[in-house]
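Student: One structure, pasted below without further comment.
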Amino acid sequence: MRSGYIAVIGRANAGKSTLINVLVGEKVSIVSPKPQTTRDRILGVLTEEDYQLVFVDTPGIYKARNALTDMMMKTTEQSAKEVDFILYVLDGHEGVKEEEFETIEKYKSLGIPMAVAYTKIDIMPKENIPLDMAKFSDAGIDLDVFPISARKGKNIRALKEFLVSNMPESDKVFEEEIVSDKSERFMISEIMREKILLKFDKEIPHGIAIVINTFSLLENGVYDINLDIVCERANHKAILIGKQGKAIKEVSSFARQDMEKFLGAKVFLTTYVKVKEDWRDRPGLLREFGYEEPKEF
Numbered sequence: 216m217r218s219g220y221i222a223v224i225g226r227a228n229a230g231k232s233t234l235i236n237v238l239v240g241e242k243v244s245i246v247s248p249k250p251q252t253t254r255d256r257i258l259g260v261l262t263e264e265d266y267q268l269v270f271v272d273t274p275g276i277y278k279a280r281n282a283l284t285d286m287m288m289k290t291t292e293q294s295a296k297e298v299d300f301i302l303y304v305l306d307g308h309e310g311v312k313e314e315e316f317e318t319i320e321k322y323k324s325l326g327i328p329m330a331v332a333y334t335k336i337d338i339m340p341k342e343n344i345p346l347d348m349a350k351f352s353d354a355g356i357d358l359d360v361f362p363i364s365a366r367k368g369k370n371i372r373a374l375k376e377f378l379v380s381n382m383p384e385s386d387k388v389f390e391e392e393i394v395s396d397k398s399e400r401f402m403i404s405e406i407m408r409e410k411i412l413l414k415f416d417k418e419i420p421h422g423i424a425i426v427i428n429t430f431s432l433l434e435n436g437v438y439d440i441n442l443d444i445v446c447e448r449a450n451h452k453a454i455l456i457g458k459q460g461k462a463i464k465e466v467s468s469f470a471r472q473d474m475e476k477f478l479g480a481k482v483f484l485t486t487y488v489k490v491k492e493d494w495r496d497r498p499g500l501l502r503e504f505g506y507e508e509p510k511e512f
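Here the working numbering runs 215 ahead of the position in the sequence shown, where the first position is 1.
Encoded structure:
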């Protein structure tokens, strides 16, 4: 039996969460085309007869601008030091840049086995792939590089087999039915945040926190979910609500559909929008909203 932890690390919007969802075979992390979609360390667990891979989805590498982002980067740094393997995800569609090599060398210096997943090859010119592979050689990066497409499933099997071969001989960490370390309550809040990320542009989604007030299964089999959408500015609140409440109704409807799919039951969803100015720079509110530096595995 082979079993171990794999930190999935890379720049914001490189495709880490999408890749983990595909590798695990279930949605364990929300996905959007915006940076900073992943804020927490989320474990995705793939269990087969002779191995278990525990993928550690980490916040995308991003220049810190506030206390929340700084905490996210500390989460990524700590996670990289506690695992059996590091999988660095590089956005092939964006191309290989010099700063990527600097970051890869930084994690390689930890002395932990490491490889690179070169993603999104389905949406880029094929002739760019060998050119970028040559850049790794020119930069002296001696690592296995897997050009993949998570969405199309290209080379995913080869990557998975390679990761299994690099896991230590060990018993399972989690029971077979576990696919994530996060609770249903956490996933419900993430589904709400994902829909806001997809609907609204620019700064508003990044200044959003979701607070679950009520999460209960009623006798009739319906989940009663009451939550607050916390933003940082009064004008953000107005945009989130929209004219005659149209925006909040629309995004809540989309979220409710995914919540019902996730829970396998009907959902009665109530949403409120509240303002907490500059909450991302207020440690007390960060803790209140569930953002804390992770403990060791």
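Ideal Cβ positions, reconstructed from N, Cα and C, are used throughout, including at glycine.
Any contact of the stretch 384–391 with the stretch 417–434, i.e. 3+ C-beta pairs under 8 Å?
Tutor: Result no; under three Cβ-Cβ pairs closer than 8 Å.
Student: For MET423, does the three-state DSSP call read helix, strand or coil?
Tutor: The identity of residue 423 in the sequence shown is Ile, whereas the question assumes Met. Coil, per DSSP.
Student: Going by C-alpha to C-alpha distance, which of SER352, ASP439 and VAL379 sits closest to PHE300?
Tutor: Nearest of SER352, ASP439 and VAL379 to PHE300, Cα basis: VAL379.
Student: Using the beta-carbon count (16 or more within 10 Å), is MET286 buried or exposed?
Tutor: It counts as buried.
Student: Pick helix, strand or coil for LYS217, following the three-state DSSP scheme.
Tutor: Correcting the residue type first, residue 217 is Arg in the shown sequence and not Lys. In this structure, ARG217 counts as strand in the three-state DSSP scheme.
Student: Return the residue from the list ILE224, ARG471, VAL304 and LYS397 that minimises the CA-CA distance to GLY259.
Tutor: When each option's Cα is compared against that of GLY259, the closest is LYS397.
Student: Taking the runs of the alpha helix (DSSP H) that are 4 residues or longer, which of them lie wholly in the stretch 414–487?
Tutor: The stretch 414–487 contains these whole alpha helix (DSSP H) runs: 418–421, 449–456 and 461–478.
Student: Which of the three DSSP states, helix, strand or coil, is assigned to LYS335?
Tutor: Of the three classes helix, strand and coil, the one that applies to LYS335 here is coil, per DSSP.
Student: Assuming contact is defined by CB atoms lying nearer than 7 Å, are PHE270 and VAL223 in contact in what I supplied?
Tutor: Cβ atoms of PHE270 and VAL223: closer than 7 Å.
Student: Just the C-alpha distance for LEU283 and GLU507, rounded to the nearest angstrom, thanks.
Tutor: For LEU283 and GLU507, the distance between alpha carbons rounds to 9 Å.
Student: Sort out for me which residues DSSP pairs SER232 with in a bridge.
Tutor: According to DSSP, which records beta bridges pairwise, SER232 is partnered with nothing at all.
Student: Assuming SER364 and LYS335 form a contact by the criterion Cβ under 8 Å, report the distance between their Cβ atoms to the nearest whole angstrom.
Tutor: Between LYS335 and SER364 the Cβ distance is about 7 Å, and since that is below 8 Å, they are a contact.
Student: What does DSSP give as the partner residues of SER395 in its beta bridges?
Tutor: Bridge partners of SER395: GLY259.
Student: LEU358 and MET382: beta carbons closer than 7 Å?
Tutor: Cβ distance not < 7 Å, so LEU358 and MET382 don't count as in contact.
Student: Could you pull out every unbroken beta strand (DSSP E) segment of at least 3 residues lying fully inside the stretch 288–319, listed in chain order?
Tutor: You should have 300–306.
Student: Checking 7 Å against the spacing of the C-beta atoms, do ILE411 and ILE423 come in under that value?
Tutor: Result yes, Cβ atoms of ILE411 and ILE423 sit closer than 7 Å.
Student: Would you decide whether ARG373 is buried or exposed? Buried here means 16 or more other CB atoms lie within 10 Å of its CB.
Tutor: The displayed chain sequence assigns Ala, not Arg, to residue 373. Classification of ALA373: exposed, given that the 10 Å Cβ count is below 16.
Student: LEU501: buried (16+ other C-beta within 10 angstroms of its C-beta) or exposed?
Tutor: With 16 or more other Cβ atoms within 10 Å, it is buried.
Student: Output the distance between the C-alpha atoms of LYS491 and ARG448, rounded to the nearest integer angstrom.
Tutor: Roughly 7 Å between the two C-alpha positions.
Student: So, are the CB atoms of VAL437 and LYS481 less than 7 Å apart?
Tutor: A contact, by the Cβ cut-off of 7 Å.
Student: According to DSSP, simplified to helix, strand and coil, what is PHE389?
Tutor: Residue state, collapsed to three classes: coil.
Student: Put ARG495 into one of helix, strand or coil per three-state DSSP.
Tutor: It is helical.
Student: Could you tell me which of ARG408, LYS321, SER395 and ALA470 sits nearest to GLY240, measuring between CA atoms?
Tutor: Selected option, being the one with the closest Cα: SER395.
Student: Does DSSP put ILE344 in a helix, a strand or coil?
Tutor: ILE344: helix per DSSP, three-state reduction.
Student: Bridge partners for ASP272 per DSSP, in chain order?
Tutor: According to DSSP, ASP272 bridges with VAL223 and ILE257.
Student: Given that a residue counts as buried once 16 or more other Cβ atoms are within 10 Å of its Cβ, and exposed if not, what is PHE483?
Tutor: Counting Cβ neighbours within 10 Å, PHE483 comes out exposed, since fewer than 16 surround it.
Student: Drop a sphere of 10 angstroms on the beta-carbon of PRO362, count the other beta-carbons inside from all chains shown, and report buried for 16 or more, exposed for fewer.
Tutor: The residue in question, PRO362, is buried, as its Cβ has 16 or more Cβ neighbours within 10 Å.
Student: Between GLU376, ALA470 and GLU292, which lies nearest to PRO325 when the distance is taken from Cα to Cα?
Tutor: Reading off the sequence, residue 325 comes out as Leu, not Pro. Comparing Cα positions, the closest option is GLU292.
Student: Whole-angstrom Cβ separation of ASP337 and LYS367, contact assumed at under 8 Å?
Tutor: That belief holds up - the Cβ atoms of ASP337 and LYS367 are roughly 5 Å apart, short of 8 Å.
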